[in-house]
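Q: Sharing a structure here in structure tokens format.
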Amino acid sequence: MAEPDVPPLDVAEPEPGLRRDRLLLILLVVVTTLALGGGWLGQQALVRDMTEAFAEQRALDFTEATADALNLIDAQGRLADLDEPERAAVFAYAQKAAHILRLLVLDQQGKVLLDTDGESLGQTVDQMVVVGTARSGTPHARLLSPKQTAAAFGAYGAIEVAEIHMPLVVGGGRTSVAELYLDVTDDIRPIRAGVQQAFAAAAAVVLAGFALNFAILLRSLRVRRQRYAQLADLHRQAEEARAAVAAMLAQQRRFTANAAHELRTPLAVLRARVAEMAAGQARAILDGDVVRLARVVDQLLAIARLEAGQGMAPEAVDLCAVARDTVAGLFPLALKAGRSIELTAPAGAVMVQAQPHALGDALRNLVENALRFTPPGSTVAVTVEEGTAIAGPALVVRDHGPGIPEGQRSQVFEPFWRGAGQGEGEGGAGLGLAIVREIAARNGASVSVGDCPDGPGAAFRIAF
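Shown next, in the form of structure tokens:
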């Protein structure tokens with residue numbers, strides 16, 4: 003009876019896996035870019051460090067060899083025992099053999115004692131360079147920037163120049179500093195080529211890994227998009243099917259309600275005409291048929307009311323009041339059939355949260371079912387039980403009919419199920435107990451059937 007429920011699927015937002023793959027793709031691009039950028043900067047720094055170390059060693063070898071062999075520099079930092087042509091020849095050789103573009107000698111105060119270009123002779127430069135190099139006793143080299151190289155040695159063309167500061171012992175044993183500018187263009191090329199080859203190989207590995215992971219992530223994204231599209235299509239189909247089923251059920255409910263209402267008037271007319279017939283077997287048979295037909299119509303109306311009240315909020319209901327109203331309404335029917343109804347209820351109210359009309363329909367179905375199966379002269383017992391510490395309130399209906407075999411009790415609440423035994427030939431449509439189960443479920447209760455404790459018969463319990 004309940005309308006099938008298709009849980010909604012939010013297709014407006016991508017699934018988490020799709021978002022994750024997109025983030026991984028972006029992260030892969032960023033990491034690869036950083037790795038390549040860092041590698042490029044690293045290879046530039048490596049070329050610079052290797053060139054500076056090479057320049058330091060070459061300058062050290064040149065100055066030591068030249069000073070030891072020729073005793074070139076005297077106590078005033080001048081080239082000793084050499085006239086101008088000889089001095090020019092020495093520096094020409096230095097420029098050719100060691101690629102020295104310029105040589106300066108500084109005293110401990112930073113004063114320029116010797117300058118092969120003659121531009122800074124007698125001037126004072128930064129004393130910190132002299133003191134730092136003299137105290138450390140180690141040479142220091144750095145590559146000049148392209149701008150510095152162009153400003154100082156633009157006449158030589160596009161070259162790479164290293165600036166070296168070296169501790170130097172001159173005449174008299176005093177420590178001074180030699181400042182050399184070396185052309186390292188030819189030296190830096192193989193160094194740069196080797197480092198660039200290594201960087202290119204590493205970059206190829208990184209790019210290959212990037213391409214592989216990029217392809218894997220792209221394939222994953224395609225698969226997820228396809229799966230997501232299929233899921234969205236399935237959701238659309240499920241929504242269409244749910245809408246179709248809902249429309250069909252709504253149409254069925256309208257038909258049931260309309261048919262039940264339309265049948266009430268013909269039934270009333272038929273009942274009146276049967277009552278006008280002369281007493282006899284034919285009238286008794288017709289009267290029984292009218293009663294059964296009226297019962298089916300009442301059950302159809304109960305189903306219509308049940309479906310119409312699906313969205314109604316439960317309210318406080320007194321089980322004793324529901325039981326009294328139901329018993330009072332059915333007592334004439336019981337007397338006519340030669341049975342009786344007995345109500346046992348507490349003096350006070352027994353409150354539950356439920357839909358009052360639906361609960362009355364459920365109890366009415368149970369009592370009518372008991373009246374059909376209990377033998378003439380017997381009593382149908384209706385009991386209202388108060389809640390206890392271990393059990394909630396309950397409505398119990400007991401009869402003294404044939405009872406329900408234990409193997410059939412799981413089937414008795416199914417729609418259109420009918421047992422083998424029927425009371426005085428009165429057949430039912432098999433809807434009453436199914437209606438009871440549905441009402442109980444919608445009101446937070448359960449319904450069960452067992453044996454009557456004081457003899458043969460069945461006991462139905464609606465427990466809250």
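For what it's worth, my numbering labels the leading residue of the sequence shown as 3, then goes sequentially.
All residues carry an ideal CB built from backbone N, CA and C; glycine is no exception.
How many angstroms separate the CA atom of PRO316 from the CA atom of ALA356?
A: Looking at the two C-alpha atoms, the distance is approximately 4 angstroms.
Q: Kindly give me the distance between the Cβ atoms of VAL438 and LEU332, rounded to whole angstroms, as I take these residues to be in contact under 8 angstroms.
A: Not really, about 15 angstroms apart at Cβ, beyond 8 angstroms.
Q: Based on the DSSP secondary-structure assignment, which residues constitute the bridge partners of ILE161?
A: Answer is none; ILE161 lacks a bridge partner.
Q: Can you tell me whether PHE415 is buried or exposed? The criterion is at least 16 other CB atoms within 10 Å of its CB, across all chains shown.
A: So PHE415 ends up on the buried side.
Q: From which residue to which residue does the beta strand (DSSP E) around ALA280 run?
A: Careful: ALA280 lies outside any beta strand (DSSP E) and carries neither H nor E.
Q: Give the secondary structure of THR151 by DSSP, where H, G and I count as helix, E and B as strand, and everything else as coil.
A: Looking at THR151 - three-state DSSP - the assignment turns out to be helix.
Q: Would you list the residues sitting across from PHE462 in a DSSP beta bridge?
A: DSSP, once it has assigned bridges, lists VAL399 and VAL451 as partnering PHE462.
Q: Does the beta-carbon distance from LEU30 to PHE155 come in below 9 angstroms?
A: In this structure, PHE155 does not lie closer than 9 angstroms to LEU30 by Cβ.
Q: Identify every run of the alpha helix (DSSP H) within the segment 316 to 365, keeping only runs that are complete inside it and at least 4 residues long; order them along the chain.
A: Runs found: 321 to 338.
Q: Quick check: the segment 338 to 347 against the segment 372 to 384, are at least 3 beta-carbon pairs closer than 8 angstroms?
A: Verdict: yes, contact present.
Q: Using the C-alpha atoms, what's the distance from ILE166 back to VAL32?
A: Answer to the nearest angstrom: the Cα atoms are 39 angstroms apart.
Q: Excluding sequence positions up to five away, which residues of its chain have a Cβ less than 6 angstroms from the Cβ of HIS101?
A: These residues qualify, in order along the chain: LEU184 and ASP185.
Q: For THR126, does the count of other Cβ atoms within 10 angstroms reach 16, so buried, or fall short, so exposed?
A: Burial call: exposed.
Q: Do three or more CB pairs link the segment 130 to 143 to the segment 198 to 215 at distances below 8 angstroms?
A: With a cut-off of 8 angstroms, the segment 198 to 215 and the segment 130 to 143 do not count as touching, because too few Cβ pairs lie within range.
Q: Given this structure, state the Cα-to-Cα distance separating LEU38 from ARG224, to the nearest angstrom.
A: Approximately 28 angstroms, taken between the alpha carbons.
Q: Might you give, ordered along the chain, the residues of its own chain that have their beta carbon closer than 6 angstroms to the beta carbon of LEU27, omitting 5 neighbours on each side?
A: Closer than 6 angstroms at Cβ, skipping near neighbours: LEU219.
Q: Taking the alpha carbon of GLY120 as the point to measure from, which residue in GLN110, VAL132 and LEU106 has its own alpha carbon closest?
A: Of the candidates GLN110, VAL132 and LEU106, the one whose C-alpha sits nearest the C-alpha of GLY120 is LEU106.
Q: Under 8 angstroms by Cβ, that's how I've got ALA1 and THR346 pegged, so tell me the actual separation to the nearest angstrom.
A: Because the chain here runs from 3 to 466, residue 1 falls outside it and cannot be looked at.
Q: Can you check DSSP and say which residues form a bridge with THR381?
A: Answer is SER342, bridged to THR381.
Q: Could you compute how far the alpha carbon of MET130 sits from the alpha carbon of ASP188?
A: Whole-angstrom Cα-Cα distance: 31 angstroms.
Q: Using the beta-carbon count (16 or more within 10 Å), is ARG275 buried or exposed?
A: Classification of ARG275: exposed, given that the 10 Å Cβ count is below 16.
Q: For ILE392, which three-state DSSP category applies?
A: In the structure shown, ILE392 sits in coil (DSSP, three-state: anything other than H, G, I, E or B).
Q: Enumerate in chain order the residues of its own chain whose CB-to-CB distance from ILE190 is below 6 angstroms, with the five nearest sequence positions on each side excluded.
A: Excluding sequence neighbours, ILE190 sits near THR53 and GLU162.
Q: Check each candidate in SER412, ARG411, TRP419 and ARG400 and name the one with the smallest Cα separation from GLY457.
A: Of SER412, ARG411, TRP419 and ARG400, the residue nearest in Cα terms is ARG400.
Q: Looking at the unbroken alpha helix (DSSP H) that takes in VAL438, where does it start and where does it end?
A: Its alpha helix (DSSP H) spans residues 434 to 444.
Q: What is the C-beta distance between ASP327 and GLY362, in whole angstroms, given that I count them as a contact (C-beta under 8 angstroms)?
A: Correct: roughly 7 angstroms between the Cβ atoms.
Q: Report the rounded CA-to-CA distance for CYS322 versus ALA246, giving the unit in angstroms.
A: One C-alpha to the other measures close to 42 angstroms.
Q: Could you spell out the range, first to last residue, of the beta strand (DSSP E) harbouring LEU105?
A: Here the beta strand (DSSP E) through LEU105 covers 102 to 108.
Q: Going by beta carbon distance, what residues of the same chain come within less than 6 angstroms of LEU182, once the five residues before and after it are set aside?
A: The residues are ALA61, ILE102, LEU105 and ILE166.
Q: Specify the secondary structure class of ARG22 as computed by DSSP and reduced to three states.
A: Helix at ARG22.
Q: Just to confirm the assignment, what range does the beta strand (DSSP E) spanning GLN114 have?
A: Inspection of the sequence shows that residue 114 is occupied by Val rather than by Gln. Run containing VAL114: 114 to 117, per the beta strand (DSSP E) assignment.
Q: So what does DSSP say about VAL207, is it helix, strand or coil?
A: Note: VAL207 maps to helix in three-state DSSP.
Q: Looking at the structure shown, is VAL386 part of a helix, part of a strand, or coil, going by DSSP?
A: Strand.
Q: Tell me the DSSP secondary structure of THR135 in three-state form.
A: In the structure shown, THR135 sits in a helix (DSSP, three-state: H, G or I).
Q: Please go through the same chain and pick out, in chain order, the residues whose beta-carbon is closer than 8 angstroms to the beta-carbon of VAL197, but skip the five residues on each side of it.
A: Excluding residues within five positions, the ones whose Cβ falls inside 8 angstroms are GLN45, LEU48, VAL49 and MET52.
Q: Going by C-alpha to C-alpha distance, which of ALA152, PRO169, THR118 and SER147 sits closest to ASP109?
A: Among ALA152, PRO169, THR118 and SER147, the Cα nearest to that of ASP109 is on PRO169.
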